[in-house]
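>
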Amino acid sequence: MNRISLVIVACALSAACSPQQAEAPPAGPPEAPAMAATHGKMGGLAAASPGDSIATQGYKSSMNTMMEQMPAFTGDADIDFMKQMRGHHVAAVSMARVELAQGKDAQARSLAQEVITAQEREITLIDAWLAQKGASAAPAG
Numbered sequence: 001m002n003r004i005s006l007v008i009v010a011c012a013l014s015a016a017c018s019p020q021q022a023e024a025p026p027a028g029p030p031e032a033p034a035m036a037a038t039h040g041k042m043g044g045l046a047a048a049s050p051g052d053s054i055a056t057q058g059y060k061s062s063m064n065t066m067m068e069q070m071p072a073f074t075g076d077a078d079i080d081f082m083k084q085m086r087g088h089h090v091a092a093v094s095m096a097r098v099e100l101a102q103g104k105d106a107q108a109r110s111l112a113q114e115v116i117t118a119q120e121r122e123i124t125l126i127d128a129w130l131a132q133k134g135a136s137a138a139p140a141g
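Residue numbers for the sequence shown, in full-length UniProt numbering: 1 to 141.
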């Protein structure tokens, strides 16, 4: 067996043995378990740690806020897509603002600014689309 095959087998075994795999997958389309596995351990919330940097605190706060404020699914694929993407875009803008406040690398900071510009533009488009459809863009909660 060559090294690449061994690495693939090791990765597959690692994934198969991870605690997240032991949890029952949520009902829904095949794509849903991937998101649930990513956030499933703590119900979607990133726990604060005593040694967290200011940036890590900001990133965790962005993710926690996103997960707490995601709107309920309506069953309409288009509306659900737009509402869920809006929540992700808001979190991306929040994370990019943390990078601008705390980051030092010029390329990372440049990308953060590009993310803010693009995502805010898309949030505006999503809000207009939702308004046209009579669907609220307001987050849950």
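Virtual Cβ for every residue (Gly too), placed ideally from N, Cα, C.
1) With the cut-off set at 8 Å, would you say Ala112 and Asp127 are in Cβ contact?
2) Is it buried or exposed, Lys83, if we count other Cβ atoms within 10 angstroms and call 16 or more buried?
3) Does DSSP put Thr74 in a helix, in a strand, or in coil?
4) Below 6 Å CB to CB, which residues in the same chain sit around Asp80 once its five sequence neighbours on both sides are set aside?
5) Please look up how many angstroms separate the CB atoms of Val93 and Gln119, rounded, as I've assumed it's under 8 Å.
6) Quick one: Cα of Gly87 to Cα of Leu45, how far?
7) Starting from Ser110, trace the alpha helix (DSSP H) both ways and give me its first and last residue.
8) Leaving out five residues on either side along the sequence, give the residues of the same chain with a beta carbon under 7 Å from the beta carbon of Met63.
9) Which residue comes first and which comes last in the alpha helix (DSSP H) that contains Ala137?
10) Among Glu122, Ala48, Asp76, Thr65, whose alpha-carbon lies nearest the alpha-carbon of Gly134?
11) Taking DSSP as the reference, what is the three-state secondary structure of Gly103?
12) Buried or exposed for Pro71, going by 16 or more other Cβ atoms inside 10 Å?
By the coordinates alone:
1) No; because the gap between Cβ atoms is not below 8 Å, this pair is not in contact.
2) buried
3) coil
4) Phe73, Thr74
5) 5 Å
6) 15 Å
7) Residue range 106-133 is occupied by the alpha helix (DSSP H) that includes Ser110.
8) Ala46, Ala91
9) Segment: none, Ala137 is in no alpha helix (DSSP H) and carries neither H nor E.
10) It is Asp76.
11) coil
12) Counting other Cβ atoms within 10 Å of its Cβ, Pro71 reaches 16 or more and is therefore classed as buried.
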